[in-house]
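For the sequence shown, position 46 matches number 48 in this note's numbering, and the numbering has no gaps at all.
A virtual CB, placed ideally from N, CA and C, is assigned to each residue, including glycine.
Report on the following structure.
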Amino acid sequence: MINKKNYFWLICGSIIFVFLWFASSILLPFIVGLLIAYILNPSLVKLKQYGLGHKFSVSILLLMSFFFFVGIFLFLVPLFVQQFSNLIEKMPEVYDKSLDFAFTYINKLIPNTFKDSSYSEILYNMLAQESAKIISTSISILQSAFKSGLAFINVLGLIVITPIVSWYILSDWDKLVQFVENLIPQSNKKQFVSIKQNSDKIISSFFRGQLTVSIILALYYFISLLLIGTEGAFVIGMSIGVLSFIPYIGSIVGLFLALSITGMQFASLNIALIVILIFIIGQLIESYYLTPKYVGKNVGLHPVIIILSLLVGGSVFGLLGIFLAIPVVAILFSFIPNSSN
């Protein structure tokens, strides 16, 4: 049985869901702006404690954030593109090298397997054909994504609208929270405050903590793979950092990329073992130090719940759903007693 007080929240949630369903294509800049304001609000409170004016503090914070992200964009994106381009240029050479290594290794295990050149030629052509299919499919997917007018509008909106939205929301954060509280009936206000506090604890622990974890992991994998001479170490490190907010997925994808690239580049079992060791150490550091320290047990969401919520959110609402998945699930779990268990 649903508690009578929860009917109010059920109706509110249904209205919000329907609204997001119909307006998801245009809401992304506003949701990102809201998240930026939410993340920066604690820093705003600290700045104001030093006697700085409210509007001035907001402007300083957003300008610092703007220059930080512009700096990252101007420095990291060209580096990412350069390394990715180098990987693409070297792919034919690396591909041939990896096939030669595979044929040699198989012949060692099973002598005379490829003694007849026709066998190796058949296998080579088959692999080349399948690789061509994969590459052409990937290119067509990317082309369709970039040709989408909606994608262009979302990118333009993120660049232009998001900073404006962030400024207004951060400037009026206390008023906005008070406005929402005033909409809640008096009989539900106590429950609302409890849900708000619990949700804030979960969301802040996840987003602010996970951002720190992602940056540290990206640097760790980038430097570690760079030291063994891996082509595209920066691309792999960045990919792991971006994907690390999804439990285990970042490490799995990163390991696959690293083994694939180093396997084709070096064709060495020793290098492969070193790569695996790097990822084992990285996973141990993440699980036993970084996540407990920066994310903490306050999140209270099982990794399976996080993965499922991101998949469902992404499939229903696209990129907007990915941004909203964790906050929405955190709020939903606030209704469930002992949900952290």
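For PHE247, the secondary structure class from DSSP, reduced to helix, strand or coil, is coil. Between LEU64 and LEU172, the C-beta spacing is below 8 Å. GLU183 carries a helical assignment under DSSP once its states are collapsed to helix, strand and coil.
With a beta-carbon spacing of about 14 Å, ILE248 and ALA220 fall beyond the 8 Å limit used to define contacts. Judged by DSSP secondary structure, THR214 falls within the alpha helix (DSSP H) whose first and last residues are 188-229. With respect to VAL277, LEU261 sits close: the two C-beta atoms are nearer than 8 Å. When rounded, the separation of the alpha-carbon atoms in GLU183 and ASP202 is 15 Å.
VAL72 and LEU245 have their C-alpha atoms roughly 21 Å apart.
Taking one beta carbon from each stretch, the region 280-288 and the region 222-238 have 3 or more pairs nearer than 8 Å; the two touch. Contact annotation: TYR222 and PRO305 have beta-carbon atoms that are not nearer than 8 Å. Around the beta carbon of VAL167, 16 or more other beta carbons lie within 10 angstroms, which makes this residue buried. Residue state for ASP174 is assigned as coil, using DSSP reduced to three classes. Boundaries of the alpha helix (DSSP H) harbouring ALA274: 271-287, taken from the DSSP string.
In this structure, VAL297 sits near PHE208, with a CB-CB distance shorter than 8 Å. If the five residues before and after LEU42 are omitted, its C-beta is found closer than 8 Å to the C-beta atoms of LEU63, LEU64, SER67, SER168 and LEU172, all from its own chain and listed in chain order. Note on geometry: alpha-carbon atoms of PRO44 and LEU185 lie some 24 Å from one another. Straight through space, the alpha carbons of ILE254 and THR232 are spaced by roughly 17 Å.
Distance from PRO329 to ILE163 at the Cβ level is roughly 20 Å; contact not present, criterion being Cβ atoms closer than 8 Å. The criterion of a C-beta distance shorter than 8 Å is satisfied by VAL331 and ILE307. For LEU313, the enclosing alpha helix (DSSP H) covers residues 305-319. In the structure shown, LEU54 falls within a coil segment according to DSSP collapsed to helix, strand and coil. Of the residues assessed, TYR40 falls on the buried side of the cut-off, its CB having 16 or more other CB atoms within 10 angstroms. For the 8 Å CB-CB criterion, ILE197 and GLY234 do not form a contact. PHE69 and PHE77 have their C-alpha atoms spaced approximately 12 Å apart.
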